[in-house]
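Residue numbers (my numbering): 15 to 490.
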């Protein structure tokens with residue numbers, strides 16, 4: 015308004031887009047590292063109802079990076095020999111139509127950085143895909159090792175560890191050579207000049223894949239054995255933390271601002287300016303003056319509990335968890351008995367195949383609690399737009415189940431937030447691993463535990479992991 019005049023109601027979404035980088039630069043100049051990133055001003059203006067329906071829900075849409083072109087993917091690595099750079103761009107563009115964005119991005123990293131840029135750094139002036147035996151052998155040895163640089167005691171320290179995905183990357187490079195040779199038969203003018211003998215033999219990949227698979231299975235089995243006994247403790251801890259946070263929030267809400275109350279043996283005084291309707295509800299320790307946000311604690315405890323309950327009861331992936339919506343809850347009537355069977359519809363993810371899960375009574379209770387929490391006064395579920403970190407796009411607004419309210423915005427829980435909530439709960443149990451370090455879990459650990467428990471219980475998991483809807487319904 016200071017720059018363009020007018021009233022607050024005249025502000026457009028375009029004005030906000032222009033303001034975000036200007037405000038960030040201004041605050042960086044004043045000493046703040048990240049600059050101004052608050053979305054509150056945008057939410058306030060958007061709440062006036064003057065923005066179009068397709069306007070972003072918050073300024074978060076202005077900060078994330080969208081999809082890169084294949085040229086941008088390859089140019090990140092500074093390839094010196096232009097013809098090879100152009101070849102890699104053309105190759106990725108050919109694959110782009112039949113692959114998702116994450117796959118093409120990963121392939122650009124393998125071919126652009128790990129393969130050709132590495133060859134340029136060790137063999138300046140290299141200009142052919144036809145590699146001498148010594149050059150190819152040295153490159154494959156370097157591919158087996160991952161080098162990381164850290165700062166310890168003020169000095170740079172390099173660490174060399176085995177690259178767990180080396181065989182997969184070698185397979186990507188071999189496929190690149192074979193694709194060029196095959197495409198040259200159809201379009202010799204375009205691809206023929208680049209046909210060369212592949213330096214990676216199929217036998218090397220076959221034996222390497224077997225060793226890699228055996229090593230991976232050993233690691234995952236050890237990880238499962240270490241975490242399976244911890245699951246009951248984690249579930250109990252999540253439930254206890256949720257109950258304590260709920261009780262503490264209720265107690266502070268029932269206390270007048272400025273009054274003291276004792277919660278779990280700790281004296282707290284409700285802050286003077288802490289309205290019940292706000293996102294925060296502050297209470298401070300009179301002795302130390304440290305503050306606690308009781309609403310944030312309850313919010314985090316609830317969604318940690320919800321995640322820790324749903325993941326082991328379903329065995330779904332973290333991407334599938336964040337994509338669960340109110341539309342995922344469906345019913346099927348048995349053709350013979352007429353019984354209504356509640357089902358959880360899992361949207362296609364890794365396998366690009368729909369799956370259906372029978373909702374157990376325990377899972378039904380958890381899902382009902384989640385729906386009750388996020389349901390609006392009119393009975394509807396808020397529509398939120400989630401950012402797909404793999405595809406780098408914003409998904410259409412959906413009535414997602416894993417969402418929370420932040421200031422004026424309903425916001426989906428990100429996979430990183432769910433991981434953090436789970437491990438915060440696990441840290442409260444003070445459980446350690448075989449090395450003595452604090453134990454950590456990933457959402458995918460719950461999937462492995464689910465499969466292991468199903469195998470130990472001799473329970474068929476077809477309904478959970480089959481990609482065919484008809485097969486499951488026919489056996490229901």
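For each residue, glycine too, the CB sits at the ideal point set by N, CA and C.
Worksheet item: Taking DSSP as the reference, what is the three-state secondary structure of residue 285?
Response: Numbered from 1 along the chain shown, position 271 holds the residue referred to as residue 285. DSSP places residue 285 in coil when its eight states are reduced to three.
Worksheet item: Taking one C-beta from the region 419-431 and one from the region 203-215 each time, how about it: are there three or more such pairs within less than 8 Å?
Response: no
Worksheet item: Is it right to say residue 413 is buried, meaning 16 or more other beta carbons lie within 10 angstroms of its own, or is it exposed?
Response: In the chain shown, counting from the first residue as 1, residue 413 sits at position 399. Label assigned to residue 413: buried.
Practice prompt. Could you please give the first and the last residue of the uninterrupted alpha helix (DSSP H) stretch that includes residue 458?
Written response: If you number the chain shown from 1, residue 458 lands on position 444. Residue 458 -> alpha helix (DSSP H) spans 457-470.
Item to complete: Answer with buried or exposed for residue 439, where buried requires no fewer than 16 other C-beta atoms within 10 angstroms of its C-beta.
Response: Your numbering for residue 439 matches position 425 in the chain shown. Per the 10 Å Cβ criterion, buried.
Worksheet item: Nearest-angstrom Cα distance between residue 29 and residue 428?
Response: The count along the chain shown starts at 1 and reaches residue 29 at position 15. The count along the chain shown starts at 1 and reaches residue 428 at position 414. In a straight line, the C-alpha of residue 29 is about 28 Å away from that of residue 428.
Item to complete: Classify residue 292 as buried or exposed, calling it buried when 16 or more other Cβ atoms lie within 10 Å of its own Cβ.
Response: The sequence position of residue 292 within the chain shown is 278, counting from 1. Looking at its Cβ environment, which holds fewer than 16 other Cβ atoms inside 10 Å, residue 292 is exposed.
Discussion item. For the pair the region 360-380 and the region 300-311, tell me if three or more CB-CB distances fall below 8 Å.
Written reply: no
Fill in: C-beta atoms of residue 93 and residue 130 nearer than 8 Å
Against the chain shown, residue 93 aligns to sequence position 79. Against the chain shown, residue 130 aligns to sequence position 116. Closer than 8 Å, so yes.
Practice prompt. Just tell me which of 102, 315, 394 has its CA closest to the CA of residue 143.
Written response: Taking the chain shown and counting its residues from 1, one reaches residue 143 at position 129. Closest by alpha carbon: 102.
Worksheet item: Tell me which same chain residues have a C-beta within less than 8 Å of the C-beta of residue 281, skipping the five on either side of it?
Response: Within the chain shown, residue 281 is the residue found at index 267, counting from 1. So the qualifying residues of the chain are 274, 275, 299, 300, 301.
Worksheet entry | Buried versus exposed, by CB contacts within 10 Å (16 or more), residue 410 | Taking the chain shown and counting its residues from 1, one reaches residue 410 at position 396. The residue is exposed, with fewer than 16 neighbouring Cβ atoms inside 10 Å.
Worksheet item: With 16 other CB atoms within 10 Å as the buried threshold, where does residue 183 fall?
Response: The residue you call residue 183 lines up with position 169 of the chain shown. The residue is buried, with at least 16 neighbouring Cβ atoms inside 10 Å.
Worksheet entry | Whether residue 371 touches residue 328 by CB criterion (8 Å) | The residue you call residue 371 lines up with position 357 of the chain shown. The residue you call residue 328 lines up with position 314 of the chain shown. Contact flag set, yes.
Practice prompt. Would you kindly work out how many angstroms separate the C-alpha atoms of residue 165 and residue 171, rounded to a whole number?
Written response: Along the chain shown, one-based indexing puts residue 165 at 151. Along the chain shown, one-based indexing puts residue 171 at 157. Those two C-alpha atoms are separated by around 6 Å.
Worksheet item: DSSP puts residue 347 in a beta bridge; with which residues?
Response: Numbered from its first residue, the chain shown carries residue 347 at position 333. Paired residues: 354.
Worksheet item: With 16 other CB atoms within 10 Å as the buried threshold, where does residue 267 fall?
Response: Position 253 of the chain shown, counted from the start, is the residue given in the question as residue 267. Result: exposed.
Worksheet item: Is DSSP giving residue 452 helix, strand or coil here?
Response: What you label residue 452 is simply residue 438 of the chain shown in a count that begins at 1. Residue state, collapsed to three classes: strand.
Practice prompt. For residue 34, count neighbouring Cβ atoms within 10 angstroms of its own Cβ and tell me buried if that reaches 16, exposed if not.
Written response: The residue you call residue 34 lines up with position 20 of the chain shown. Label assigned to residue 34: buried.
Worksheet item: Does the Cβ of residue 73 have 16 or more other Cβ atoms within 10 Å, making it buried, or fewer, making it exposed?
Response: Sequence index remark: in the chain shown, residue 73 carries index 59 (1-based). It is buried - the Cβ of residue 73 has at least 16 other Cβ atoms within 10 Å.
Worksheet entry | Backbone secondary structure at residue 479 - three-state DSSP | By 1-based counting over the chain shown, the position of residue 479 is 465. Only weak support exists for where residue 479 lies, its pLDDT of 41 falling under 50; the coordinates are left without a value.
Discussion item. Suppose contacts are defined by Cβ-Cβ distances below 8 Å. Is residue 359 in contact with residue 368 by that definition?
Written reply: Along the chain shown, read from residue 1 onward, the residue named residue 359 stands at position 345. Along the chain shown, read from residue 1 onward, the residue named residue 368 stands at position 354. Contact: yes.
Practice prompt. Would you mind sorting residue 489 into buried or exposed? The rule is 16 or more other CB atoms within 10 Å of its CB.
Written response: In the chain shown, the residue the question calls residue 489 occupies position 475. Only weak support exists for where residue 489 lies, its pLDDT of 41 falling under 50; the value from the coordinates is given anyway. So residue 489 ends up on the exposed side.
Worksheet item: With burial defined as no fewer than 16 other Cβ atoms inside 10 Å of the residue's Cβ, what is the status of residue 279: buried or exposed?
Response: Here residue 279 refers to the residue found at position 265 of the chain shown. By the neighbour-count rule (16 or more Cβ atoms within 10 Å), residue 279 is not buried but exposed.
Worksheet item: Which residues does DSSP pair with residue 401 in a beta bridge?
Response: The count along the chain shown starts at 1 and reaches residue 401 at position 387. Note: residue 401 sits in a beta bridge opposite 408.
Worksheet item: If you check the beta carbons only, do residue 247 and residue 446 fall under 8 Å apart?
Response: Mapped onto the chain shown, residue 247 falls at position 233. Mapped onto the chain shown, residue 446 falls at position 432. No, Cβ-Cβ distance for residue 247 and residue 446 is not below 8 Å.
Worksheet entry | Between the CA atoms of residue 242 and residue 147 - distance to the nearest angstrom | By 1-based counting over the chain shown, the position of residue 147 is 133. By 1-based counting over the chain shown, the position of residue 242 is 228. Cα-Cα distance, rounded: 47 Å.
Worksheet entry | Rounded C-alpha distance that separates residue 451 from residue 441 | Along the chain shown, one-based indexing puts residue 451 at 437. Along the chain shown, one-based indexing puts residue 441 at 427. If I take the Cα positions, the gap works out to 11 Å.
Practice prompt. Specify the secondary structure class of residue 34 as computed by DSSP and reduced to three states.
Written response: Residue numbering aside, residue 34 sits at position 20 when the chain shown is read from its first letter. Three-state DSSP puts residue 34 in a helix.
Discussion item. Using 8 Å as the cut-off, can you tell me whether the region 213-225 makes contact with the region 247-256, which would need three or more C-beta pairs spanning the two stretches below that distance?
Written reply: no
Practice prompt. Could you give the DSSP three-state label for residue 396: helix, strand or coil?
Written response: Within the chain shown, the letter at position 382 stands for residue 396. Of the three classes helix, strand and coil, the one that applies to residue 396 here is coil, per DSSP.
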